[in-house]
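Asker:
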C-alpha cells in the first residue's frame, strides 16, 4: 500500500473540520464557510469521507441544499447514527489506507479544477473511531490538513473544546481556526476566545442556528428550510467570517512561502553537522514539513508538473541517522513525553531518584541480560556515554596495574574504522581518519587491528581477509548462510580461530613488550562498525580478540592477576559501543549476543528512546563501579550533564523498550525471520543461530550480482551496498552518489532519503516499517541496480 | 502563600473524580464507590470543593442522602448551573491557593480519623474552569491525586473520554480507574474498555441509573428516591466494583511501598553523576514523586509524626542544576513537546531543515543581539557545545597563524576556576582541579589567569584582589552598589583598568615570547564562573582581558593582521560559555551584555529549553564559519550527534525563549528591579547600569554581616553564600553542610533542596518563582544564619 502524501496545494486551500464533540454543528459551520466562499465568487467544495446516519447533522446533503453551489462529495455512507466503527460492521469497510488515498485523490482532483477552498469533514469528535476502529485523529494524521475546529457552545463545552484541541496538538496538527455558536448564557465563546487568542488562533462565534423543527410535516419542514436559508445568507456575510477566510487564505499562502524560503533561510543561519558548506545550494537542503511513520513529508520534491500536493512522502532511509525505531510522530511516544513533562519537567538527578530513571535502569539491565552488569550511568548521547565508558575503563586499568596516567600514555585497543563519537576524548579512541585528523586537539591513542570482513559477493556469503593479513590469518572463506558466519560454537574450534588468536596475541605482545605501549581498555562496536563505513567485521575475529584479552591478562601487565571468574574483568575492561548496533537495530536486544560475549561496560543510545530525543546509558559491572568508591570525593566519577536522566527521555525510553520487547515476543518479525531461517537455505544446521533481516535474501542475492555492486550485506534493519569505485572507495568516494540520486527521484509512490559513506550506500528501516514500503524500496533498488 | 503538598496518605486512599464531560454521572459514580466502601465496613468520605447549582448532578447532598453513611463536605457552594468561573462572579471567590490548601487540610484531617477512602469531585469536565477561571486540570495539579475518570457513555463519548484522558495525562496525572454507564446501543464501554486495557487502566461499566423523574410532585420524587436507593444497593455490591476498589487499594499500597524502596533500589542500580558513592546511604537519596512550579514533591521528608501527606513540597534550590526557568510540570511546555513529537518525532538534520530548528536559530540570533553572529550549530548539552566551540576556535587560529596543530600544542587562554563541561576535550580547557585531575586522559592545555572577585562583605560591595596580585593590580576597592561595579563606562577610564590591562598584556607576552606558548582561543564564562565555586569575577577584568586580546593581536603571532573591524575576530577568537550565565539566569538575555563585549562564539544550553530537555547551541560569526568552507569535505566541521536539532527540543526552546522575552518586556520582574534600582541606594548615578536580583538587597546586607558568613552576592536568579571555613574552603570543604542541612529540614511550609560547592551554598530560582516562596526562603536563611 502506498503511503499518502500530506495535503498542501497552491490552488486549493484544503482543511479538515474536526468537532470538539458530536452534535456541535460541524456541518452548519462548514456550510457557513462554504457559503461565504461562494459569495466571494470563489468555488468551495465539501468532502464527507464517512457519513453515519441522518441524526448526525454532519451531512453532505445539507451542503448540497444550502451550500450556494458548493461541490459536495461523500466517500462512504452508513445509515445508522452510531460511531462509524459500529456502523461499518454492517457494510464493506474501506481500509484506512484506501480512505486516505481516496481523500487525497479527491482533493488533488479538485485542485486541478477551479475549486479554491475545500473542507473535509470528520464524523463525531476528534477521537471518534473511523470505520476500522482507529481514532480519526490518528487515522487522518498522514494528511495533516490544517484544522478548522468547531468548539462546543454547550455546558461543559469549554472543557471538551480544550481537550479536543490538545488531542489534535499532541498529534502534530495545526489548528488554524476555531468556530462555535454564540450562547449568551454559558458564554463559552468568551472564555475560549481568550484561550485561543493566547495561542494566536482566531476564534469566531457564530449566531446560534434556528431551532430544529419539532414536527416533520411539510409546512414545518418548509419553514425550517426557509429559516436555515436566511440564517446562512445572513451569517455567511458577517465581517468576522470574511476576515477569518482571509486569514485562512493568508495562512495557506504564507505556509507555502515559508516552505519555499526555508532552504535558503537555513543556508543563511544554520551551520550543519558533518557538512561541507562549500558549494552547497539551497536545493541541496531537504525541507521537511512533518513526518509520519517511516516517511518525511518533503516540500519541493514532486517531479510532476501537475498541481499535485506540494508535499511528498520521502522514506527516511537513514532512520534519521540510525535513531528511528517506532515511527515518526508516534502518538504513544508523544503522550509519554508529555506525561513526563507534565509530571516532572526535568528534576535534578544527583542525589535524587525519580520513577522513570529507576524504571529505565531496571528495564535496561533486564534487556541487556548480562550477568556482569550492575549499574547504569546516564548521559545525553552516544559520544558523552562513550566518554564516560572510557573514563571508567582507564581508571580501573590504571588502578589495577598501578599506572600513573599523568606520567604515561594509556591507549585503547580497538579495530580500524571504529568510531565512537565527536567529542575529542572519544575521537582519541580511534585511529587517524578523515573524521578526526583535522581536529586540532585530536591525538589517536592506542592500537587498532585491521580485520576480516563479512560480505555477500555474487550471491555468496564470504569472509574476506585483508591482503596484508592473509599470510597470518589464511585466505578468504565462503559460507552458505549468514547464520553460519555467526555459528561461533562451531567456528571457535576451527583452525581459523586459532590463527586469529595467535595473530592477536602476537600483535599485542609486540606492542606492549617491544614498543612499550600500555592499554587501558578494549573497545569494540560489535558486528558492524557503522560510521567507519558499515564495516561488517567477522564476528569470530571480535570474539577471538575479546577472548585473547581476557584469557591473557599477563599481556598487559606483569602484575596482572589471573582471570577471577565471570563477574570480574580480566586483561582489559571490555567496552562495547552498542550505540548503533544495540536495541534491536540488528534484530536482537544486544549485538553482544551475536558474539556470545558479556562486556564489562556497554553504551546504548539512538534507539533507546525509540527515535524521539537524546538519551544515553553507560552500563557497568559492580567491580568497575567499586573502583571509584573511596573516602576521597575526588576519586568519584565526576561526570554529569545538567539534564542527566531527564524524565522525558527516561519515560519515553521505558515505553520504547517495552514496545520493542513486545514486538519481539509477539512475533512481529516472524515473516522476516521465516525468509531468513536456515530451512530456506540449502544446508540447514541446528547450531546455526537466528540471524535475520527485514531486507529479503533474494534482494541481497540479486544486488550482489549487479555489475555496479562490489558487495552487499543485510542484518536486522540494516542494508549496506558497496558500489564499485575505480578510485578505491573511502569516505571521499563519489561512487554511491548515482544510486543516491536515483533513490531521491524515487517512484510514483514515494522517494527515498539515504546517506552514503564513501562508496557505501546504506538503508535502514525502523522496527515497525511496513512490509509494503520495504517491498517498494526493494523494487526501487532492483530497478536502479539490477 | 504556602505551596501545597501533593496528596498521599497511608491511612486514607484519596482520589480525585474527573468527568469526561459535564453530566456524565460523576456524582452517581462517586455514590456507588462510597456505598461499596461503606458496605465493606470501611469509612468513605466525599468532598466537593466547588459546587454549582442544583441542575448539576454533582452534589454532596446526593451523597448525604444515598451514601450509606458517607461523610460529605462541600467547601464552596454556588447556586447557578453554570461554570464555576461565571457563578463565582456573584460571590466571594476563594483564591486557587486557598482552595488547594482547604482540600489538603480536609483530607489530612480525614486521614487522622477512621476514614479510609475519599473522593474529591471536580465540577463539569476536566478543563471546566475553576472559580478563578483556570482549568481545573491545571488548578488541582499541585495535589496530583490519583484520578477516577468518569467516561461518557453517550454518542460522541468515546472521543470526549479519550481527549479528557489525554488532557490529564499531559499534566502528569495518573489515571487509576475509569467508570462509565453501560449503553448497549453506543457500546462506548466496549471500545473504551479495550482502549484503557491497553494502558493497563481498569474500566468498569455500571448499569445505567434510573431515569430522572419527569415530574416533581412528592410521590414522583419518592419513587425516584426509592429507585435510586435500590440502584445503589444493587450496583455497589457488584463484584466488578469490589474488585476495582480492591485494585485501587492495592495501587495505593504499592505506590507507597515503591516510594519506600526507591532510594535503596536506586542505590542498587544507579551510578550517580558527580557523586562519591562511598558511605552513601539510601536516606541520602531524595525520592521525587513529581514536581510542580518551583517544588519537588518529595517522599519521606516530613518531620511530623502525624499522618500528614507522605509527600512534602521541597523548593528546587539548585534550579535542578541550573536548568529551570519556567517551572516544573509546565503544561505549555508539555504541550509544545508533544506537538513536536507528534508532528516530527525526530528528523534527520544533516542536509535537511524543519521549522523548529530554523525558528530557533532565527529567534536565538535575535535574542543574543550580537552583530558578529551569523550561524547556529546544534548539539545536545553544554559540554558538547563547548567541544564544538573549541574546535571552531582552534581551527580559525591555526588557519590564520599558519600553525600545524599536529606538531605543536595550541592552548586556551582563560580564567582560573573555569569549567566548561565533562567531556575530556573541554576538560582540557581548564586548569587542573579536583574535577579533572584524576581523569586519566586529562591534559590541561593553556594558561588561566587568577582574577579579582566581586563580593559583599559586612554589608559592603567590594572587589577583592588576590593577595599575590595586589602589587600589580592594586588593593581591594569598595563600591556603593552592585550596579557601580558594572559601570564599565566609568571604570574603563580608571587607573585600575590600566593596571589590569598592563598586567594581562605583560603576562601574555611572557607566556608567548618567553615560554613559547601558543594560544588558540580566549574562553570566558562572563560574570560568574559557576562550577568553579560561584566565582563572581570583576567584570572590568574580563572586559580588559577581552580588549587586550583583541587590541594586541601581535601578542599571539608575528603574522597577526591588525584588527579588521567589528565583525572580524582579532588576536584570538573570543568564546563565551554562557551555558550557565546566559538566557536570563542573571536577569538579562546574555551575560555578555554585562561586559559590553560581543564574543565571536557563544554557547547556550540549560535555560534554553526552559528547563525541560537537553539542547545546546554554539553560535558563531560568518568569518569563523567561512574558515571551514573548502572544496575538501574533510575541512568541514565534522561534528554532529544523532539527535542534532531534535524537533522536540527546538520547539520547546522557541516557546521558552518567547515566554522569557515576554516576561522581560511585560515587566514581570519590575518589583525586583525596583528593589535594586540605584534610587534605593545612597548615591544614584545615571550611568550605573541595570543590575538586579530576585533576592532582596536587605537579605544580602543581613547575611553578609552574619558571623558564619564570609561573603555573599546575588545577581539575577542566583544567590551565593560563602561560609567561613577555618580549613580554607575549596571543593572538599564541609563549611556549608550545616546550612544545607538546616534548609533540608525547612519550615512548616516547605523544605529546600540545595547544592554546595565547597564552602559555598548557592540558591537559584526559576524566572517564574513566586515572591511568596522567595520571601519564605529568605526567612529560612535569616533564621538559619542571622
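Residue numbers (our numbering), protein chains in the order written: chain A, -16 to 769; chain B, -16 to 769. Note that beta-carbon positions come from the ideal geometry of N, C-alpha and C, so glycine has one too.
#1: In chain order, what are the residue ranges of uninterrupted alpha helix (DSSP H) at least 4 long that sit wholly in the region 603 to 645 of chain A?
#2: Whose CA, out of A:211, A:317 and A:307, lies closest to the CA of residue 153 of chain A?
#3: Counting along the chain, where does the beta strand (DSSP E) carrying residue 767 of chain B start and finish?
#4: Starting from residue 60 of chain A, follow its DSSP beta bridges and name the residues at the other end.
#5: Can you tell me whether residue 364 of chain B is buried or exposed? The criterion is at least 16 other CB atoms within 10 Å of its CB, across all chains shown.
#6: Distance cutoff 9 angstroms, beta carbons only. Does residue 364 of chain A sit that close to anything in chain B?
#7: So what does DSSP say about residue 1 of chain B, is it helix, strand or coil?
#8: Should residue 366 of chain A and residue 311 of chain A be called a contact, given that it needs their Cβ atoms to be closer than 9 angstroms?
#9: Could you pull out every unbroken beta strand (DSSP E) segment of at least 3 residues lying fully inside the region 73 to 128 of chain B, listed in chain order?
#10: Kindly indicate the opening and closing residues of the beta strand (DSSP E) around residue 410 of chain A.
#11: In the DSSP assignment, the beta strand (DSSP E) including residue 740 of chain B goes from what residue to what residue?
#12: With DSSP as the reference, label residue 547 of chain A as helix, strand or coil.
#13: Can you check DSSP and say which residues form a bridge with residue 320 of chain A?
#14: Checking contacts by CB at 9 angstroms: is residue 696 of chain A closer than that to chain B?
#15: Restricting to Cα atoms, I'd like to know which of B:655, B:606 and B:703 is closest to residue 677 of chain B.
#16: Within 10 Å of its beta-carbon, does residue 755 of chain A have 16 or more other beta-carbons around it, so buried, or fewer, so exposed?
#17: Decide if residue 625 of chain A is buried, meaning its Cβ has at least 16 other Cβ atoms within 10 Å, or exposed.
#18: Output, in chain order, the set of chain A residues within a Cβ distance shorter than 7 angstroms of residue 170 of chain B.
#19: Would you identify the three-state DSSP class for residue 358 of chain B, choosing helix, strand or coil?
#20: Residue range of the alpha helix (DSSP H) that residue 327 of chain B falls in?
#21: Quick one: measure Cβ to Cβ for residue 735 of chain A and residue 760 of chain A, integer angstroms, because I've assumed they're closer than 8 angstroms.
#22: Which two residues bound the contiguous alpha helix (DSSP H) that contains residue 403 of chain B?
#23: Should residue 747 of chain A and residue 301 of chain A be called a contact, given that it needs their Cβ atoms to be closer than 9 angstroms?
#24: Does the separation of the CB atoms of residue 205 of chain A and residue 142 of chain B fall below 9 angstroms?
#25: In angstroms, rounded to a whole number, what distance separates the CA positions of residue 84 of chain A and residue 128 of chain A?
#26: Can you grab the Cα-Cα spacing for the pair residue 277 of chain A / residue 308 of chain A, in whole Å?
#27: Taking the alpha helix (DSSP H) that residue 770 of chain B falls in, what are its first and last residues?
#28: Note the first and the last residue of the continuous beta strand (DSSP E) segment covering residue 693 of chain B.
#29: Can you list the residues of chain A that residue 355 of chain B reaches, using a CB-CB cut of under 7 angstroms?
#30: For a cutoff of 9 angstroms on Cβ pairs, would you count residue 552 of chain B as touching chain A?
#31: When you compare only the Cα positions, how much space is there between residue 140 of chain B and residue 35 of chain A?
#32: Leaving out five residues before and five after residue 572 of chain A in sequence, what residues of the same chain have Cβ atoms less than 6 angstroms from its Cβ?
#33: Where do the N-terminal and C-terminal ends of the beta strand (DSSP E) with residue 299 of chain A fall, by residue?
#34: In chain order, what residues of the same chain lie with their CB nearer than 6 angstroms to the CB of residue 503 of chain B, ignoring the 5 residues before and after it?
#35: So, is residue 663 of chain B buried or exposed, given that buried needs 16 or more other C-beta atoms within 10 angstroms?
#36: Within 10 Å of its beta-carbon, does residue 611 of chain A have 16 or more other beta-carbons around it, so buried, or fewer, so exposed?
Answerer: In short:
#1: Inside the region 603 to 645 of chain A, DSSP marks whole alpha helix (DSSP H) runs of 4 or more residues at positions 605 to 610, from first to last along the chain.
#2: Position 170 of the first chain, counting from 1, holds the residue named residue 153 of chain A. When C-alpha distances from residue 153 of chain A are compared across A:211, A:317 and A:307, the shortest belongs to A:317.
#3: Against the second chain, residue 767 of chain B aligns to sequence position 784. Taken as a continuous stretch (DSSP letters only), residue 767 of chain B belongs to no beta strand (DSSP E), being part of the alpha helix (DSSP H) at 754 to 768.
#4: Working through the first chain from its first residue, we reach residue 60 of chain A at position 77. Residue 60 of chain A is bridged by DSSP to A:34.
#5: Indexing the second chain from 1 puts residue 364 of chain B at position 381. By the neighbour-count rule (16 or more Cβ atoms within 10 Å), residue 364 of chain B is buried.
#6: For the purposes of this step, residue 364 of chain A is taken as residue 381 along the first chain, with counting starting at 1. Interface residue, yes.
#7: Here residue 1 of chain B refers to the residue found at position 18 of the second chain. Secondary structure at residue 1 of chain B: strand, using DSSP grouped into helix, strand and coil.
#8: The residue given as residue 366 of chain A occupies position 383 in the first chain. The residue given as residue 311 of chain A occupies position 328 in the first chain. With respect to the 9 angstroms criterion, residue 366 of chain A and residue 311 of chain A are not classified as neighbours on the basis of their beta carbons.
#9: DSSP runs (the beta strand (DSSP E)) wholly in the region 73 to 128 of chain B: 100 to 108.
#10: On the first chain, position 427 is the one that residue 410 of chain A refers to. No beta strand (DSSP E) holds residue 410 of chain A; the alpha helix (DSSP H) holding it covers 407 to 410.
#11: Numbered from 1 along the second chain, position 757 holds the residue referred to as residue 740 of chain B. It spans 738 to 740 - the beta strand (DSSP E) in which residue 740 of chain B sits, taken as one unbroken run.
#12: Along the first chain, one-based indexing puts residue 547 of chain A at 564. The answer is coil: DSSP assigns residue 547 of chain A none of H, G, I, E or B.
#13: Taking the first residue of the first chain as position 1, residue 320 of chain A is located at position 337. Residue 320 of chain A is not bridged to any residue.
#14: On the first chain, position 713 is the one that residue 696 of chain A refers to. Chain B, which has no Cβ nearer than 9 angstroms to the Cβ of residue 696 of chain A, makes this no.
#15: Position 694 of the second chain, counted from the start, is the residue given in the question as residue 677 of chain B. Out of B:655, B:606 and B:703, B:655 has the C-alpha closest to the C-alpha of residue 677 of chain B.
#16: Against the first chain, residue 755 of chain A aligns to sequence position 772. A residue is called buried when at least 16 other Cβ atoms come within 10 angstroms of its Cβ; residue 755 of chain A does not meet this threshold and is exposed.
#17: One-based indexing of the first chain puts residue 625 of chain A at position 642. Counting of Cβ neighbours within 10 angstroms places residue 625 of chain A among the buried residues, the total reaching 16 or more.
#18: Translated into positions along the second chain, residue 170 of chain B becomes position 187. Here the neighbours are 69.
#19: Looking up residue 358 of chain B in the second chain gives position 375. Assigned with DSSP and collapsed to three states, residue 358 of chain B falls in strand.
#20: Residue mapping note: residue 327 of chain B aligns to position 344 of the second chain, counting from 1. Premise fails: residue 327 of chain B is in no alpha helix (DSSP H) and is neither H nor E.
#21: Position 752 of the first chain, counting from 1, holds the residue named residue 735 of chain A. Position 777 of the first chain, counting from 1, holds the residue named residue 760 of chain A. At roughly 7 angstroms, the Cβ-Cβ gap stays under 8 angstroms, so residue 735 of chain A and residue 760 of chain A are in contact.
#22: Taking the first residue of the second chain as position 1, residue 403 of chain B is located at position 420. Looking at the DSSP string, residue 403 of chain B is not in any alpha helix (DSSP H), and its letter there is neither H nor E.
#23: To locate residue 747 of chain A, count along the first chain from 1; it is residue 764. To locate residue 301 of chain A, count along the first chain from 1; it is residue 318. Yes, they are a contact pair.
#24: As a working mapping, residue 205 of chain A is identified with position 222 in the first chain. As a working mapping, residue 142 of chain B is identified with position 159 in the second chain. A distance of 9 angstroms or more separates the beta carbons of residue 205 of chain A and residue 142 of chain B.
#25: Against the first chain, residue 84 of chain A aligns to sequence position 101. Against the first chain, residue 128 of chain A aligns to sequence position 145. Distance between the alpha carbons of residue 84 of chain A and residue 128 of chain A: 14 angstroms.
#26: Numbered from its first residue, the first chain carries residue 277 of chain A at position 294. Numbered from its first residue, the first chain carries residue 308 of chain A at position 325. Approximately 9 angstroms between the Cα atoms of the pair.
#27: Chain B is shown only over -16 to 769; residue 770 of chain B falls outside these bounds and no answer can be derived.
#28: Mapped onto the second chain, residue 693 of chain B falls at position 710. Run containing residue 693 of chain B: 692 to 698, per the beta strand (DSSP E) assignment.
#29: Taking the second chain and counting its residues from 1, the one referred to as residue 355 of chain B is at position 372. By Cβ distance, chain A contributes nothing, its closest Cβ being about 14 angstroms from residue 355 of chain B, past 7 angstroms.
#30: What you label residue 552 of chain B is simply residue 569 of the second chain in a count that begins at 1. Not one chain A Cβ lies under 9 angstroms of residue 552 of chain B.
#31: Translated into the one-based positions of the second chain, residue 140 of chain B becomes position 157. Translated into the one-based positions of the first chain, residue 35 of chain A becomes position 52. Distance between the alpha carbons of residue 140 of chain B and residue 35 of chain A is about 16 angstroms.
#32: Here residue 572 of chain A refers to the residue found at position 589 of the first chain. If the five residues before and after residue 572 of chain A are omitted, its C-beta is found closer than 6 angstroms to the C-beta atoms of 350, all from its own chain and listed in chain order.
#33: Taking the first residue of the first chain as position 1, residue 299 of chain A is located at position 316. Segment 294 to 299, the beta strand (DSSP E) holding residue 299 of chain A.
#34: For the purposes of this step, residue 503 of chain B is taken as residue 520 along the second chain, with counting starting at 1. Cβ neighbours of residue 503 of chain B beyond the five flanking positions: 376, 377, 380 and 393.
#35: Start at 1 with the first residue of the second chain, and residue 663 of chain B comes out as number 680. Summary for residue 663 of chain B: the model assigns pLDDT 48, below 50, so the residue's position carries little reliability, and this model does not support an answer.
#36: Taking the first chain and counting its residues from 1, one reaches residue 611 of chain A at position 628. Result: buried.
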